[in-house]
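Letter 26 of the sequence shown, counting from 1, is numbered 19 in our numbering, and no numbers are missing.
Backbone N, C-alpha and C fix where the C-beta goes; we use that ideal spot for every residue, glycine too.
Remember, it's a predicted structure, so these values are computed and weren't measured experimentally.
Report on one structure; see the data block that follows.
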Amino acid sequence: MLYSEKVMDHFEHPRNVGEIENADGVGQVGNPKCGDIMKMYLKIDDGVITDVKFKTFGCGSAIATSSMATELIMGKRVEEALQLTNAAVAEALDGLPGYKMHCSVLAEEAIKAALADYYQRQGLPVPEACKLPCEDEHGHGSCCCG
Ligand code: FES
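See the structure below:
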């Protein structure tokens, strides 16, 4: 089978879909090659992620990886959430086909963008780990993945 059972489960029953009113950090990223967009909302209390929601206008792999990513960072400290990589999200889903790995980058980058927004709102310096790979070229909220 092309997709693992976990990918299919998170695609068919995505967790934590929606928006958070009065979120403490919001990030939106897009993949200019396929046009898919992901928006991530974080509620953060005392440095701990207490709620996370996402909305994705994207493919099944983007939906499944965002869903898994929200589960992986829920309850984590912001410093831990910053360490989450797209490879770790894909691994937690028992893998993705190689040509769909770029879809998992959206989830990682949406979390980083939301955390960058959180740090900015707090008046804190944005950690290097929040910075998106193509931030210099396109500004925050875009990426060249894919
Ligand atoms: Fe665009 Fe999957 S094809 S994120």
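First and last residue of the uninterrupted alpha helix (DSSP H) at Met94:
The residue you call residue 94 lines up with position 101 of the sequence shown. It spans 94 to 114 - the alpha helix (DSSP H) in which Met94 sits, taken as one unbroken run.
Can you tell me whether Phe50 is buried or exposed, with buried defined as 16 or more other CB within 10 angstroms of its CB?
Working through the sequence shown from its first residue, we reach residue 50 at position 57. Exposed, since its Cβ has fewer than 16 Cβ neighbours within 10 Å.
DSSP state of Met67, grouped into three classes?
Residue numbering aside, residue 67 sits at position 74 when the sequence shown is read from its first letter. Correct three-state label for Met67: coil.
Quick one: is the Cβ of Gly91 within less than 7 Å of any heavy atom of the ligand FES?
Translated into the one-based positions of the sequence shown, residue 91 becomes position 98. Every heavy atom of the ligand FES is 7 Å or more from the Cβ of Gly91, so no.
Any heavy atom of the ligand FES closer than 7 Å to the beta-carbon of Asp29?
Reading the sequence shown from its first residue, position 36 is the one you call residue 29. Yes, Cβ of Asp29 sits closer than 7 Å to a heavy atom of the ligand FES.
Under 8 Å by Cβ, that's how I've got Asp17 and Arg114 pegged, so tell me the actual separation to the nearest angstrom.
As a first step, residue 17 is located in the sequence shown; it is residue number 24 there, counting from the start. As a first step, residue 114 is located in the sequence shown; it is residue number 121 there, counting from the start. Contact flag correct, Cβ pair sits at about 7 Å.
Reducing DSSP to helix, strand and coil, say where Gly91 ends up.
For the purposes of this step, residue 91 is taken as the residue at position 98 of the sequence shown. Helix, per DSSP.
With a CB to CB cut of under 7 Å and the five nearest residues on each side skipped, what residues in its chain are close to Ser(-3)?
Counting from 1 along the sequence shown, the entry for residue -3 is found at position 4. Counting only Cβ-Cβ distances below 7 Å, and skipping sequence neighbours, we find Leu86, Asp87, Gly88.
Out of curiosity, what's the CA-to-CA distance linking Ile56 and Phe4?
For the purposes of this step, residue 56 is identified with residue 63 of the sequence shown, where counting begins at 1. For the purposes of this step, residue 4 is identified with residue 11 of the sequence shown, where counting begins at 1. Cα to Cα, the separation comes out at about 6 Å.
Going by DSSP, what residues sit across from Leu35 in a beta bridge?
Taking the sequence shown and counting its residues from 1, the one referred to as residue 35 is at position 42. Gly18, Val45.
Cys52 and Cys96 closer than 8 Å at C-beta
Working through the sequence shown from its first residue, we reach residue 52 at position 59. Working through the sequence shown from its first residue, we reach residue 96 at position 103. Against a cut-off of 8 Å, the Cβ pair of Cys96 and Cys52 comes out as a contact.
Does Gly20 pass the burial test, meaning 16 or more other C-beta atoms within 10 Å, or should it be called exposed?
Position 27 of the sequence shown, counting from 1, holds the residue named residue 20. Label assigned to Gly20: buried.
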